[in-house]
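To convert, note that position 44 of the sequence shown is 43 in the working numbering; the numbers rise steadily by one, no gaps.
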Amino acid sequence: MSYQNPPMPPKKSATFDDHTMAEIRRAAATGIYDIRGGGTKRKVPHFDDLLFLGASISRYPLEGYREKCDTSVTLGTRYAKKPIHLKIPITIAGMSFGALSGPAKEALGRGATMAGTSTTTGDGGMTDEERGHSQTLVYQYLPSRYGMNPKDLRRADAIEVVVGQGAKPGGGGMLLGQKISPRVARMRNLPEGIDQRSACRHPDWTGPDDLEIKILELREITDWEKPIYVKVGGSRPYYDTALAVKAGADVVVLDGMQGGTAATQDVFIENVGMPTLACIRPAVQALQDLGMHRKVQLIVSGGIRSGADVAKALALGADAVAIGTAALVAIGDNDPKWEAEYQALGTTAGAYDDWHEGKDPAGITTQDPELMKRVDPALAGRRLANYLKVMTLEAQTIARACGHNHLHNLEPEDLVALTIEAAAMAQVPIAGTGWIPGKGF
Numbered sequence: 000m001s002y003q004n005p006p007m008p009p010k011k012s013a014t015f016d017d018h019t020m021a022e023i024r025r026a027a028a029t030g031i032y033d034i035r036g037g038g039t040k041r042k043v044p045h046f047d048d049l050l051f052l053g054a055s056i057s058r059y060p061l062e063g064y065r066e067k068c069d070t071s072v073t074l075g076t077r078y079a080k081k082p083i084h085l086k087i088p089i090t091i092a093g094m095s096f097g098a099l100s101g102p103a104k105e106a107l108g109r110g111a112t113m114a115g116t117s118t119t120t121g122d123g124g125m126t127d128e129e130r131g132h133s134q135t136l137v138y139q140y141l142p143s144r145y146g147m148n149p150k151d152l153r154r155a156d157a158i159e160v161v162v163g164q165g166a167k168p169g170g171g172g173m174l175l176g177q178k179i180s181p182r183v184a185r186m187r188n189l190p191e192g193i194d195q196r197s198a199c200r201h202p203d204w205t206g207p208d209d210l211e212i213k214i215l216e217l218r219e220i221t222d223w224e225k226p227i228y229v230k231v232g233g234s235r236p237y238y239d240t241a242l243a244v245k246a247g248a249d250v251v252v253l254d255g256m257q258g259g260t261a262a263t264q265d266v267f268i269e270n271v272g273m274p275t276l277a278c279i280r281p282a283v284q285a286l287q288d289l290g291m292h293r294k295v296q297l298i299v300s301g302g303i304r305s306g307a308d309v310a311k312a313l314a315l316g317a318d319a320v321a322i323g324t325a326a327l328v329a330i331g332d333n334d335p336k337w338e339a340e341y342q343a344l345g346t347t348a349g350a351y352d353d354w355h356e357g358k359d360p361a362g363i364t365t366q367d368p369e370l371m372k373r374v375d376p377a378l379a380g381r382r383l384a385n386y387l388k389v390m391t392l393e394a395q396t397i398a399r400a401c402g403h404n405h406l407h408n409l410e411p412e413d414l415v416a417l418t419i420e421a422a423a424m425a426q427v428p429i430a431g432t433g434w435i436p437g438k439g440f
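See the structure below:
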């Protein structure tokens, strides 16, 4: 009896996979590029590729129930008369009113205040709800200048000059007309219902010398009280960090490509910038070379999800982190309880990324009055505070296990990498070896 192998199923191309084919067809049918939020969806080296080395004999662990592990951080100690003192090193990143609903912005303020940390305005100006419920509020100063005025600069606790963002370094943002409500239009001085595109660069300066002048101008407006942050997208972290420091920044905010709350072209999100993990060590090296590490604070953002991520970012040299997407999830975004409505939009909970269209069933990334009613700012704020508490406890647990009594005492020597790529980016050895790629054994 002869035996025949069953026929092999047709093999699809790895280059022209189903998603790529669908995108080609969509582009051919519409003639427009895809815009979305949600950050990069391709897998890139990230904090999951690092592991901590807990203490044993060579290091002595701390007892979690009896020995303190401090989590506090002070930001803006370089020049500001009133530096910011936070209980935890986890801050809320800039997400605008307009992109987010008013109740969502209020919830972020409430949760951050309960946790003892700061929140950030984002593009589009400062709302009274956000200022009223945020004990510590950072005011973003963006190329668009939407909603910018000296009064709100003075009402803020710090000012963040945004040069770039991780989702779109070198590119501007988009807010579609359906989210330009009457209130958003008034705050941004725009016509209602008309698409708005944020500029990719500031209109009144073109380089670091002009940035220095702008920072001095902001200091004069605020009587040198407020810390001045400079935020850059992760593309050339060494030089951008060095130039921000030379321009007079108190704090540098570094946003990797996993930063995803900004809506922009899909081709930008997936092909421009660098992974967060690749950005941290060059930025820290720039601060060290200038003798400014820990004197100018470094905040890292882009894909921070857990206390382990926080601990790893701090071990690599950051002073604090910022969260955006995770904060939205904590207050209720992409909640499976709205699954039927997400499916009606052609997506699913956990994959919804068309935040710019203003149809979010959770009521968070919308200006629809009926959808916004689904957000209870008090309840959502408590959820965010709970999440921040858990992240902090997780980071403390790891720090104690590594023998440290402050999160800032975590160091690269506490880490090993699982992949060559992560080892090269984080500049820590491959697990079980002393090899750091590019540095020898």
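Glycine included, C-beta positions come from ideal geometry on N, C-alpha and C.
Given the structure is predicted, the values throughout are model-derived calculations rather than measurements.
Please check the pair residue i and residue j, which I expect to be a contact at CB under 8 Å, by giving their CB distance rounded to whole angstroms.
i, j, result
"Q139", "T126", "Rounded, the Cβ-Cβ distance is 13 Å, inconsistent with contact."
"I34", "Q264", "6 Å"
"D332", "I363", "5 Å"
"F96", "E129", "7 Å"
"G176", "L387", "In fact, because the Cβ distance is near 34 Å, the residues do not count as touching under 8 Å."
"I330", "A377", "That belief does not hold up - the Cβ atoms of I330 and A377 are roughly 11 Å apart, past 8 Å."
"W49", "A285", "What sits at residue 49 in the sequence shown is Leu, not Trp. 21 Å between Cβ atoms; not a contact."
"A157", "I83", "6 Å"
"V427", "P274", "So it is not a contact: roughly 15 Å between Cβ atoms."
"I87", "T118", "Contact flag wrong, Cβ pair sits at about 13 Å."
Per the DSSP calculation, residue i is bridged to which residue(s)?
i, result
"A114", "Partner(s): none; A114 has no beta bridge."
"G232", "D254"
"I56", "In DSSP, I56 forms no bridge with anything."
"T119", "G93, V137"
"A416", "L49, I429"
"Q164", "None, per the DSSP bridge assignment."
"R196", "M173"
"L297", "V251"
"H292", "V295"
What residue from the options has the CA that sits closest to residue i's CA?
i, options, result
"R58", "E356, A398, A317", "A398"
"V231", "A325, H201, D308", "H201"
"G206", "A243, D222, P226, I227", "A243"
"R65", "T418, K438, D413, N404", "N404"
"G290", "A241, N188, V183", "A241"
"L392", "A310, D17, A98, P236", "A310"
"V250", "W337, I298, L215, T19", "I298"
"K294", "P8, R77, T39", "R77"
"G171", "A157, G146, A198", "A198"
"L152", "A21, Y228, L174, A394", "Y228"
"I193", "D208, D47, E211, M173", "M173"
"G38", "A384, T116, G323", "G323"
"L487", "A27, K40, A155, I31", "The structure shown does not extend to residue 487, since the chain is modelled only from 0 to 440, so the question has no answer here."
"Y145", "E211, G131, V161, A157", "V161"
"R235", "I212, E22, A325, D254", "D254"
"L383", "G176, A114, R185", "A114"
"E340", "A326, V328, A325, K358", "K358"
"A98", "K150, I179, W337, T118", "I179"
"L85", "A319, P360, A416, A361", "A319"
"Q257", "Y237, H292, A325", "A325"
"T365", "H407, D203, V183, L217", "V183"
"L141", "G123, D334, H45, G272", "G123"
"P149", "T29, E219, H132, D239", "E219"
"A41", "P9, A394, D334, V266", "First, the residue type needs correcting, since residue 41 is Arg and not Ala in the sequence shown. If we check each option's Cα against that of R41, V266 comes out closest."
"E159", "Q296, N270, I23, C68", "Q296"
"G101", "K336, M186, W337", "M186"
"Y238", "L406, Q287, H407, T29", "Q287"
"N385", "V328, K67, I56", "V328"
"N270", "P360, A317, G169", "G169"
Counting only the same chain and skipping the five closest in sequence on each side, list residues whose C-beta sits under 8 Å from that of residue i.
i, result
"P181", "E191"
"I419", "I429, P436"
"R25", "D33"
"T396", "G63, G306"
Using a Cβ-Cβ cut-off of 6 Å (strictly less than) and excluding sequence neighbours within five positions of residue i, which residues of its own chain qualify?
i, result
"W223", "K80"
"D413", "F51, L52, A314, C401"
"I321", "Inspection of the sequence shows that residue 321 is occupied by Ala rather than by Ile. Hits under 6 Å: T90, A92, I298, S300."
"Q134", "T112"
Quick one: what's got a C-beta closer than 7 Å to residue i's C-beta in the same chain, skipping five residues either side?
i, result
"L409", "A310, L313, A314, A398, C401, H403"
"G36", "G259, T260, A261, A262, D352, W354, H355"
"M390", "I89, S305, G306, V309"
"E211", "A246, G247"
"H132", "E105, G108, R109, T112"
"T19", "none"
"P411", "A314, L315, Q426, V427"
Would you say residue i reaches chain C, if we count a Cβ-Cβ gap shorter than 8 Å as a contact?
i, result
"T432", "Absence of chain C from the displayed structure is noted, only one protein chain being present."
Cβ pair count under 8 Å reaching 3, the region 419 to 432 against the region 341 to 348: no
Inter-stretch contact (C-beta, 8 Å, three-pair minimum) for the region 372 to 389 and the region 270 to 281: no
Cβ contact check for the region 69 to 76 and the region 410 to 427: 3 or more pairs under 8 Å: no
Sufficient close CB pairs (3 or more, under 8 Å) joining the region 96 to 111 to the region 157 to 170: no
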